[in-house]
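Before any comments, here is the structure.
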Amino acid sequence: PLDIVWISSGCRVVDVAENVPFPDPLTPLNELPRYSPESPAKYVLEINGAEAAALGLGIGDPVKFLGGLTGLYGC
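In this note's numbering, the protein residues as written are -18 to 56.
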């Protein structure tokens, strides 16, 4: 499974979907579940399932992009 973390243009976590299961590979495209944040988001981060909880990520937490993304998107 994956955790999906949505991030606002203001570089804050706006929503988290935890332990989203992988769909069956034979699922038709029109039957795949869709996931979206409760609040507007500009960025999305997919990480291993249960990682958000292990890291203590929560709504309102600040986000800073590192590595090759440092300074590119304002976060």
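The C-beta atom is built at its ideal place from N, Cα and C for all residues, glycine as well.
- Secondary structure note for Leu36: its alpha helix (DSSP H) is the uninterrupted segment 32 to 36.
- Val(-6) is positioned such that its CB atom lies closer than 8 Å to that of Gly39.
- Per DSSP, the unbroken beta strand (DSSP E) holding Ala(-2) starts and ends at -6 to 1.
- Going by DSSP, Val44 is part of no beta strand (DSSP E) at all; its letter is neither H nor E.
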